[in-house]
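Chemist: Submitted below is the structure of interest, expressed as C-alpha cells.
Protein chains in written order, with our numbering: chain A, 1 to 264; chain B, 1001 to 1325.
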C-alpha cells in the first residue's frame, strides 16, 4: 500500500473584491478534496477560472486557505489546526511561462541554487555541491557551460528545462507543474514532456500536473481530477476519465477537444 | 480557377535591419477560393503571421524587402498597389480576427459604438440604418442579448464573447476574405469549439474565403478543407486536410504529428524532432529541413521545390515519393 504524500480535504478559497461599492465574492475553490500517492502523477484539468492555479498557489503557500486542510507527508501544512510551517524544498513548482519565471539578471547557476536558501546549512552544502548541480543540469538535458549564462540566451524549451532543474534541486517529495508546456511549440512540448516523464521514472518523483490540454494529461497522468468553476466534479483513473467519463462536464470537455483523428 | 479570392505565388521576403538580413518567407504558395477555409499551420517563427500581414500590406515598410512573387487578391495585385488602395481593402474586403480579443477592442468604447464606427466606415448606411445593423451584426455571431451587449464595454465580456464581437466587426462589411490568426488560442476548449463553428457557419452563409492560422493541428483538422504546412518560412506540404494529416508525405509534417501526446502510447516516450530551428539569417542552400531530417540523403543538398505527389497534395521533399509508397 503506497502512502498518500498529499491529502487535500474540503479546501475552500474565496476572493472578495469590490466594484463601485458593491461587494463580490469569487469562490475560486469550493470544497475540493483529493489525494496524491507517492510516485503518482496526478492531473488537474479544467478551463480558465476553474481554480486550477488557485489550488497550486494554496499548495505552495502563496495564498492562504479559507477553510479545509492540506496534509503533506503526514503534517498539516495549511488550514485548520495547521502550525503554519511550510515544508520548504519538499514541495516545488514549475510555472507556465519560463520567460517570466526566471530572473533575467541571475545566471542559470544562481537560479538553480536559489531554492536551497531556505534549507538547513547541512542540506544546502550537500544538495548545492557543484557535483550535484552538474548532475542536475545534465539530467534536464543541458550542459555545464550553460550554468554561467543568463536566461535570455536560451530558447523557451531550454528555459523550461532550467525551471525544472530549479524545482528538482531540493529533491522535492512533490512537484507541482502548473501548465508547464502551454507556452511551448508542439515539437518543444514533446521534448519537455519526455523530460518530465523520464525524470519521474528515474527519480520516482510525484507530480501534481495542472493543465488544460487533455492530450498531454492523457499521456502523463495516472489519475485525473476534473475541475469546473472551483468544484472537483470527477476524480478517476486515466483510463476511466477517457473511456468512461461519468460527469456531464467531463464529457463536454472531452468532446470539445479538436482532435486530428476523428472525422470532423 | 480564375475566381480565386486569394492567390499567393512564389512569395519571398526578408527583413533587413542594420546590415543584417533574415529571410522570413521563401517561395510561399497559397490559394483560397470563395467559401473555402484553408489552414496555415506551423510553429513559432514559421512565418504564419507574416504571411497574413503581407496579404494586407501591414508589414513594416522600412525593413521588409519583397524579393520575388506576387499576392493577388480578387484580381488586385497587392504588392503593386499603393498603401491608399490597400487601406481601402482592409476591414472592408479583407476582415481580420486576431488571437487576443481584449487587445483588438477599444477598452474605452462600448461594443455598440465600436461596431457602429466600423459599419459607418465601410458602408453608405445612414446613422439609423447603421444602428440597426449593429444589432443584426451581433445577432449574426449568435450573441443572445445584443441589446445588452451593445451597451457594454469589452472588460465586461468573457473571452469568448469578445471574440464574437471581433468576428462581428470583421464580418460587418461582408468581406470576401477573412484572415483569422490564431482566433481561438486564447480561449478555453469548450469556447473554442463554439467560435470555430461560428466561423465555419459565416463562411458558408456568406461565401467568405477564410485563412485560418493555427499551431493546433486539431483545430485545422476540424475546421479546414485544405491545409498548408509552413516550416521556417517555406511551404513543406499542402493539400486536402485529411490527406495531409492522415498520410503526411513530408518528414516534418510526419514528425509534428508524431510528437503530439494525444494518441501516444503511455509506455513509450514521444517522438521528438532532433536539432534546432534554423537561423533565418543564414538560410541553407539545400532543403531547409535537411539538418533535422532522418531521411536526409545526397539529393537534399539541392533545395526541393513543391511538387505534386497526388491530387492536390504537394510536398517539398526529395524522399517523398520513394518513402511511403
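All C-beta atoms, glycine included, are put in the ideal place defined by N, C-alpha and C. Here the structure is a predicted model, which is why all the values come from computation and not from measurement.
Determine whether the Cβ of residue 132/A lies closer than 8 Å to any Cβ atom of chain B.
Modeler: With 8 Å as the cut-off, residue 132/A does not count as an interface residue toward chain B.
Chemist: Please list, in chain order, the residues of the stretch 21 to 46 of chain A that have any C-beta partner in chain B closer than 7 Å.
Modeler: Listed in sequence order: no entries.
Chemist: Can you tell me where the beta strand (DSSP E) with residue 1252/B in it begins and where it stops?
Modeler: Element bounds for residue 1252/B: not the beta strand (DSSP E) but the alpha helix (DSSP H), 1251 to 1258.
Chemist: Check each residue of the stretch 1249 to 1275 of chain B: if its Cβ is closer than 8 Å to any Cβ of chain A, include it; give the result in chain order.
Modeler: Listed in sequence order: 1255, 1256, 1257, 1259, 1260, 1261, 1262, 1263, 1264, 1266, 1269, 1270, 1271, 1272, 1273.
Chemist: I'd like to know if residue 1245/B contacts chain A, where contact means its C-beta is closer than 8 Å to some C-beta of that chain.
Modeler: Closer than 8 Å to some Cβ of chain A, the Cβ of residue 1245/B qualifies, so yes.
Chemist: At a Cβ threshold of 8 Å, is residue 1221/B touching chain A?
Modeler: Yes - at least one Cβ of chain A is within 8 Å of the one on residue 1221/B.
Chemist: Look up residue 242/A in the DSSP assignment and give the residues it is bridged to.
Modeler: Bridge partners of residue 242/A: none, in fact.
Chemist: Buried or exposed, going by whether 16 or more other CB atoms sit within 10 Å of the CB of residue 153/A?
Modeler: By the 10 Å Cβ count, residue 153/A comes out exposed.
Chemist: Let me make sure I understand the geometry here. Which of 1116/B, 1155/B, 1122/B has the alpha-carbon closest to that of residue 1136/B?
Modeler: Checking every option, the nearest Cα to that of residue 1136/B belongs to 1116/B.
Chemist: Cα-Cα, which of 124/A, 259/A, 34/A is closest to residue 169/A?
Modeler: The residue with the shortest Cα to Cα distance from residue 169/A is 124/A.
Chemist: Specify the secondary structure class of residue 1307/B as computed by DSSP and reduced to three states.
Modeler: Three-state result, residue 1307/B: strand.
Chemist: DSSP three-state label for residue 194/A, please.
Modeler: Reduced to three states, the DSSP call for residue 194/A is helix.
Chemist: Please check if any C-beta of chain B sits within less than 8 Å of the C-beta of residue 273/A.
Modeler: Absent from the structure is residue 273/A, since the part of chain A shown begins at 1 and ends at 264.
Chemist: Looking only at its own chain, which residues have a Cβ that is under 6 Å from the Cβ of residue 1118/B, when we skip the five neighbours before and after it?
Modeler: Excluding sequence neighbours, residue 1118/B sits near 1169, 1172.
Chemist: Which whole-angstrom value describes the C-beta separation of residue 37/A and residue 5/A, a residue pair presumed to lie in contact below a C-beta threshold of 8 Å?
Modeler: Sure, about 7 Å apart at Cβ, within 8 Å.
Chemist: Can you grab the Cα-Cα spacing for the pair residue 84/A / residue 65/A, in whole Å?
Modeler: So the alpha carbons of these two residues sit roughly 11 Å apart.
Chemist: Are residue 1209/B and residue 1177/B closer than 8 Å when you measure CB to CB?
Modeler: In contact: residue 1209/B and residue 1177/B (Cβ atoms closer than 8 Å).
Chemist: What residues from chain B crowd round residue 177/A, counting only those whose CB sits closer than 7 Å?
Modeler: Correct list: empty, because the minimum Cβ distance to chain B is about 14 Å.
Chemist: Could you tell me whether the stretch 187 to 202 of chain A touches the stretch 1259 to 1269 of chain B, where touching means 3 or more Cβ pairs closer than 8 Å?
Modeler: Touching, per the Cβ criterion.
Chemist: Assuming the contact rule is C-beta atoms closer than 8 Å, residue 1301/B and residue 1186/B should be a hit. Round their C-beta distance to whole Å, please.
Modeler: Residue 1301/B to residue 1186/B, Cβ: 42 Å. No contact.
Chemist: Please work out which residues of its chain come closer than 6 Å, Cβ to Cβ, to residue 1316/B, disregarding the five sequence neighbours upstream and downstream, and give them in chain order.
Modeler: The answer, listed in chain order, is 1236, 1304, 1306.
Chemist: Does chain A have any CB closer than 8 Å to the CB of residue 1023/B?
Modeler: False, the Cβ-Cβ gap to chain A never drops below 8 Å.
Chemist: In the DSSP assignment, the alpha helix (DSSP H) including residue 1222/B goes from what residue to what residue?
Modeler: Its alpha helix (DSSP H) spans residues 1217 to 1223.
Chemist: Flag residue 1149/B as yes if its beta-carbon sits less than 8 Å from any beta-carbon of chain A, otherwise no.
Modeler: No, because no Cβ of chain A sits closer than 8 Å to the Cβ of residue 1149/B.
Chemist: In three-state terms, what does DSSP make of residue 228/A?
Modeler: Residue 228/A falls in the strand class under three-state DSSP.
Chemist: Taking the continuous alpha helix (DSSP H) assigned at residue 111/A, which residues delimit it?
Modeler: Segment 108 to 113, the alpha helix (DSSP H) holding residue 111/A.
Chemist: Could you pull out every unbroken alpha helix (DSSP H) segment of at least 4 residues lying fully inside the stretch 3 to 75 of chain A, listed in chain order?
Modeler: Entirely contained in the stretch 3 to 75 of chain A, the alpha helix (DSSP H) runs reaching 4 residues are, in chain order, 52 to 59.
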